[in-house]
Structures are given as structure tokens and as C-alpha cells.
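If you're matching positions, the sequence shown starts at 2 in this note's numbering and goes up one per residue. Heads up, the beta-carbon is just placed ideally off N, CA and C, and yes, glycines get one too. Below is one structure, written out as C-alpha cells; comments come after it.
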Amino acid sequence: MNDQQNTILRFAFIFLMLTLAFIAVIVKIVVVQTKTEERERWAIAEQIQDENTTEIEPVRGNIFDCNGQLMASSIPQYNLFMDPLADALCNEPGVFKHGKKKGQHFGKDTLYYNNIDTLCAVLSNVLKWKTKDEYRAYIDEARVKGADGKVFRRLPLNDGPVSYIQYVRIQSLPFVAKADNNPYKNGLIWEPLNRRTHPFGNLAFRTIGTNGRTEGGGLSGLECKYDSFLRGVPGLGEIIHVNKRKEVKVMVEPINGADIITTIDANLQDIVEKELRGPVEDYGANWGCCLLMDVHTGEIKAVANLEQYEGKYSERKNRAFYRVEPGSTFKTVSLLAALDDKRVSLNTMVSVTSQPWVYRTEKSKHVDSHKMDATITMRQALAVSSNIAMAKMVTSAYHGSAREFVDKVQTMGLRDTLDSDIPGSHKPLIEVPKDVVTISKMAYGYTVELSPVQIAAFYAAIANGGKLMRPMLVRELLQDGKVIRHIQPQVVREQMCSKEAIADVRKALHDVVWDNQFGTASFQGGNRHAQSDLVHIAGKTGTAQLHLPGGGYSSDHHRFSFVGYFPEEDPQYVCMCVIEDPKYREDLIPHTINAPRGCAVVVRKVAEKTMAYTGCYTITNKGLELHKRVK
């Protein structure tokens with residue numbers, strides 16, 4: 002009986018699939034028959050199906066920053082050839098043998114002889130590949146060799162593609178312009194190319210993305226994510242033969258690709274990249290990334306990724322979207338969870354020690370880099386970034402239950418996949434461990450993995466009062482200047498935890514920067530780190546030992562970070578900087594950098610310059626003048 006039921010179910014499933022496929026075909030036929038553009042396209046294709054047909058490539062859409070500055074564009078370029086044996090140029094010349102015109106040419110070849118010197122002069126002036134006389138000898142030689150039977154019907158006139166401006170200047174020649182209705186009448190052959198160019202060079206290169214050289218489709222970044230919009234729709238053309246050459250007669254015009262308006266601000270992007278490049282290059286880090294995000298909308302205003310390759314630093318991978326162990330920046334997650342569940346308060350006391358603290362087994366030892374033997378509050382524990390305090394707090398607050406702790410993190414949205422506009426972005430990795438002692442390491446950012454963008458989004462939610470926003474890189478898609486899609490900011494959690502818990506954790510994040518006794522990013526050793534007179538910053542330092550291939554964690558190799566929001570009184574932006582494995586330099590002071598000396602300083606400089614750029618303050622002879630920000 003069960004076998005008979007299974008057989009019936011299989012046949013029912015197959016019948017359903019066939020029915021759905023049939024309906025899809027009918028719908029497609031109706032669309033083709035009713036949609037004018039589709040009907041015309043297929044009608045013409047059918048009309049010329051006995052002839053050679055080809056696709057006409059559309060112009061790929063542009064990518065702009067939020068202010069309309071061009072970040073990527075398919076600027077037309079051309080390969081330029083000449084057929085010196087074009088029918089209008091290669092007839093037998095006649096020469097006057099008597100009278101005033103003695104020695105002058107007549108007949109159809111007059112077009113060549115009357116204009117070749119002018120053409121060569123313009124080619125030399127515009128393309129600068131050869132001199133005027135060299136061009137004349139070059140073309141004349143091709144005419145002679147071509148007349149001898151050798152193939153010189155596609156004589157290159159430049160050593161590379163011709164730009165659109167150069168094309169316009171050459172086309173402005175009367176000799177060339179008169180042949181518009183018959184391009185080969187002057188012998189010039191233009192082959193259009195659509196080359197992707199980046200007016201700002203490598204600025205935000207990995208975020209904007211790259212294209213394939215042959216197919217032209219997007220391979221990475223926004224170029225890949227929005228390839229179907231940027232690509233456009235090819236046109237249809239018929240290949241015809243004219244004077245022993247192939248021409249394409251346009252039957253259906255191509256539909257050019259849509260344009261993208263991003264959230265990136267090219268000016269802020271330049272600030273972020275320059276501030277990141279300094280410490281990354283100076284201390285020979287493996288890589289570094291820095292991003293700037295609007296705390297209210299989740300819009301990413303700048304994101305820089307610098308990685309060492311063959312002795313130079315360039316944008317090679319979207320490190321900001323790749324997950325890593327966050328280290329101490331995750332301590333804020335742990336404290337916020339416990340505060341929201343009312344398992345602790347900022348004034349809860351915890352003892353820390355200069356000796357390792359063991360949780361359950363010797364395999365789970367916890368050590369503080371800021372060694373002290375004292376009893377401190379949880380507020381002070383976050384400021385001083387105590388591993389021992391966080392491990393004790395989480396294991397006690399959640400009764401040693403990693404599942405209970407992970408479930409709480411889930412409710413705050415930290416395990417959600419924050420869909421990104423960058424293909425290949427990593428999902429968060431916060432799993433319930435099988436090892437019961439692992440919860441103590443999770444408390445301060447080990448055995449969990451988050452991308453810098455996800456961490457920044459979490460701190461942005463703290464800054465804006467609790468609303469977790471999806472990070473976004475694109476605002477609008479435009480077709481011929483008209484908006485075809487407007488992308489609204491997306492709320493992941495309307496309120497990820499109580500406002501009271503957020504208010505408390507913001508006090509502790511304030512102390513990280515402004516408590517000169519405990520704060521890891523405060524004024525220490527004569528260095529200001531994240532403290533600024535121009536803009537108040539609150540945030541958290543992070544340090545994580547690197548897990549080396551084939552071995553365990555190394556105490557000599559670290560990933561440093563700092564994430565902070567500003568201005569603290571009315572947060573508008575969050576900035577996160579990560580620098581992996583900087584090297585010791587005896588020729589520099591300091592000889593190496595860490596989270597406060599490297600990453601916190603980068604964030605401070607970005608914050609100061611961002612506030613100046615957005616007009617939040619100006620510096621006058623009287624001092625600092627603050628202005629209310631126009632949102």
C-alpha cells in the first residue's frame with residue numbers, strides 16, 4: 002500500500018512539474034506577442050534568419066557615487082584602420098600633362114591626393130604615433146604593396162585604441178565628415194570598443210568591482226551584483242558585404258545598461274583610504290581595511306581594503322566583507338546581552354587577576370594583557386578590555402550554557418545574514434559549541450567570526466538607539482536618467498534590545514576612549530589615540546591572536562581593530578578599522594602598532610576629517626566653531 006501511494010505521489014509531482022512548465026511556455030508566448038519590443042525583435046530576427054545575423058553590444062551602464070561623481074564608465078574607444086585601396090581611393094590616377102594644371106592629378110583619385118597630407122597632419126597631431134611625413138610614407142607604401150597583390154586592407158593608424166575625443170577631432174575633418182553615409186569612402190575603418198574606465202583610479206576598486214575582458218560581464222563587487230542591470234540588452238544586426246568588406250546593418254537598436262547611484266562618497270572614500278594606507282604600509286601589515294557607515298540608514302559611505310601583493314598595497318580582496326575572529330570588539334556584544342537580560346549591571350563587581358583564570362579545565366585558561374589584581378565594575382571591565390572579567394560574567398550570567406548565550410545573541414540579530422551588495426560576502430559564524438568550556442572564550446571574541454561590516458552595523462545600532470540596519474551600497478538604478486528602482490534602507494531589527502541596556506553600554510564605550518585610568522583607547526603614554534578636541538568618539542578596541550596554519554594561536558601575530566561612532570553627543574557615523582599582523586620596525590617610533598596606536602588613531606583622523614568635510618565644524622581664528630549638521 003505504501004509503495005502504491007509513493008508511486009501515485011511521484012506521478013502527481015511529475016504531472017505538476019510538466020503543467021508548470023507548460024504554463025511558463027504559454028506565459029512567455031503571450032509576453033512575446035503582446036510586448037511590442039519583444040515582438041519586433043523576434044520578427045526581425047525571423048525575417049533575416051537566412052542571412053548572417055549578429056548581436057550589437059549595448060553600452061554598459063555607469064556607476065556613480067552618491068554625489069553623482071563618475072566611479073566607473075564604459076567610455077567609447079575605437080580601433081582605427083585605413084583601407085588605402087578603398088574604391089574611392091584606388092582608381093588609376095590621371096595627370097595633366099600640359100597647361101597650367103600640368104602635373105596635377107584628376108579623376109576619382111583626386112579625393113586621396115587632395116586630402117592625404119591634411120589627414121596625415123591631423124593624425125600626427127591627434128594620435129602622435131608618427132610624424133606627418135611618416136604617416137604619408139606609411140600609407141603610400143601600403144597602397145603600392147596592396148597594388149602588388151599583398152593584403153593591406155586594414156592598415157593600423159595607431160598603436161592602441163583611439164579615445165572618443167580623438168575620434169571626434171578626426172571625424173571633424175571635411176574629408177572624413179563627407180563620408181558619413183559611406184564610412185569606407187574615405188578609407189577609414191572605425192571599430193568601436195567599450196572599455197571600462199575608473200576616473201578615480203583605484204579608489205574603492207574592489208567595491209565597485211571588475212569586468213571580464215572578453216565577455217565584459219561583472220566579475221566582482223557591484224559590477225557583478227548588478228551585472229544584469231548594467232549589461233543592457235543587445236541589439237540585432239544583419240551582416241552585409243560592401244566592397245569585399247563586412248558591414249553590420251542595424252535592425253534593432255541595443256538598449257544600453259542602467260546606471261547605478263551608490264552610497265559611496267568619493268571624497269570620504271579618499272579620506273578613509275589615505276588614513277588607512279599610512280600605518281598599513283609603514284608597518285608592513287598583511288592587510289588592512291577601514292569602512293565608514295551612516296548609523297541611521299546603514300549606508301556605507303566609504304570602504305577601503307589594502308592588501309600586500311608583490312611589495313605593494315592595493316585593493317585585492319573585499320576584506321571588510323570577509324569574516325574573522327573579532328577579538329575584543331565582541332565583548333560589547335557579551336555585555337549588552339547580559340545587561341538586556343538583567344543578569345548584570347554596570348556596577349556588578351568582578352575580580353580580575355594578573356594570573357591566568359581557569360574555567361573548568363586547564364585547557365580553558367584566560368589571561369589579561371592589562372594585568373592587575375583588583376575587583377572592578379563591569380563598566381570598568383569593558384573599558385580596560387578584561388578577558389577574565391568577560392569570561393566570568395558570561396559563564397555566570399548564562400549558567401555555563403552556550404546555547405542560552407547564543408540564543409540571546411540570535412535575538413539581537415548578530416546571527417542574521419545581513420545581505421550585502423558584495424558577492425561572496427561571508428555570513429556570521431556564531432554556533433553553539435559542543436565543548437562546554439568554549440562559552441568562556443566566546444565571551445571575548447574567539448570561536449566566533451564576523452565581518453568588519455557586520456561588526457560596524459552592530460555598533461551603528463548602539464549609536465542610533467537600537468535599530469539594526471542592513472549595510473547598503475546602492476541607492477538607485479537609473480535608465481536613461483529615470484529612476485527604475487529606489488532601494489530603501491532595510492531594518493533588520495527594529496529594536497535589538499532595550500534602550501536602557503543600550504544607554505548603559507554606551508557609557509562603558511565612552512570610558513574606553515575618555516577614561517584615562519582604564520580606557521584602552523584613551524590618553525596613554527603621551528598618545529591621544531581616539532581622543533580628539535574636534536569630535537568626541539566612543540568605541541571599542543579589539544585584539545585577536547592569529548591562528549596560524551598547521552598550528553595554534555600565536556602570541557606574536559595579531560589582528561588589531563577599533564570601532565567607534567561619532568560625534569558621541571549625536572551619532573551620525575560609525576567607523577571601523579582592522580589591521581592584520583603589522584611588523585616591528587626599529588627605524589620607526591613607535592616600533593610597532595596595536596589597536597589603540599594604529600586602528601584608533603586611524604578612526605580619530607577619519608572622524609575629524611569627516612566632520613570637517615560634512616560641515617559640522619570649522620576652525621576659525623577664534624577657535625573651534627560647531628555647526629548643527631544638516632541631515
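Membership of Met-612 in the alpha helix (DSSP H) is indicated by the continuous run 602 to 614. When only Cα atoms are considered, Glu-274 and Phe-65 end up about 18 Å apart.
Taking C-alpha positions only, Pro-472 is separated from Tyr-460 by approximately 12 Å. Its Cα nearest to that of Leu-535, the residue Ala-608 stands out among Ala-608, Gly-553 and Val-296. Per DSSP, the unbroken alpha helix (DSSP H) holding Cys-225 starts and ends at 222 to 226. Arg-476 sits in a strand when the DSSP states are folded into three classes. In this structure, Pro-429 lies near Leu-451, with their beta-carbon atoms less than 9 Å apart. For Ser-335, the number of other beta carbons within 10 angstroms of its own is at least 16, and it is reported as buried. For the pair Phe-563 and Ala-522, the CB atoms are nearer than the 9 Å cut-off. Rounded to whole angstroms, Arg-144 and Asn-116 show a C-alpha spacing of 15 Å. Just so you know, the alpha carbons of Thr-264 and Met-470 end up roughly 14 Å apart.
In the assembly as shown, Phe-16 is an exposed residue. Its beta-carbon has fewer than 16 other beta-carbons within 10 Å.
Between the stretch 541 to 556 and the stretch 254 to 268 there are fewer than three inter-stretch CB-CB distances shorter than 8 Å, so the stretches are not counted as touching. A direct Cα-to-Cα measurement between Thr-20 and Val-60 gives close to 39 Å.
Distance between Leu-194 and Asn-159, taken at the CA atoms: about 14 Å. Taking the CA atoms as reference points, Gln-496 sits about 32 Å from His-530. An exposed status is given to His-400, since fewer than 16 other beta-carbon atoms sit within 10 Å of its beta-carbon. Excluding five sequence positions before and after Ser-164, the CB atoms of its chain that fall closer than 7 Å to its own CB belong to Gln-78, given in chain order. For Val-575, the enclosing beta strand (DSSP E) begins and ends at 574 to 581.
Rounded to the nearest angstrom, the gap between the Cα atoms of Ala-509 and Tyr-566 is 13 Å.
The DSSP assignment places no complete alpha helix (DSSP H) segment of no fewer than 4 residues inside the stretch 512 to 552. Between Ile-76 and Val-127 the beta-carbon gap is near 17 Å, outside 8 Å, which marks them as no contact. Boundaries of the beta strand (DSSP E) around Val-492: 492 to 494.
The Cβ atoms of Glu-239 and Thr-418 lie no closer than 9 Å to each other. Distance from Tyr-360 to Val-438 at the Cβ level is roughly 6 Å; contact confirmed, criterion being Cβ atoms closer than 8 Å. Taking the CA atoms as reference points, Ala-398 sits about 38 Å from Asn-287. The continuous alpha helix (DSSP H) containing Met-394 extends over residues 388 to 398. In the three-state DSSP reduction, Phe-82 falls in the strand class (E or B). In the DSSP assignment, the residues bridged to Lys-366 are Val-359. Beta-bridge partners of Val-249 (DSSP): Ile-240. The beta carbon of Thr-593 lies closer than 8 Å to those of Tyr-284, Pro-583, Lys-584, Tyr-585 and Arg-586 in the same chain, with the five residues before and after it left out. In summary, Thr-396 is buried, with 16 or more beta-carbon neighbours lying within 10 Å of its beta-carbon over all protein chains present. No Cβ-Cβ contact shorter than 9 Å links Leu-383 with Thr-349. Tyr-113 and Leu-174 have their C-alpha atoms spaced approximately 14 Å apart. Distances from the CA of Phe-322 to each of Arg-416, Asn-388, Ser-421 and Met-394 were compared; the closest alpha carbon is that of Ser-421. Leu-419 has no beta-bridge partner at all, per DSSP.
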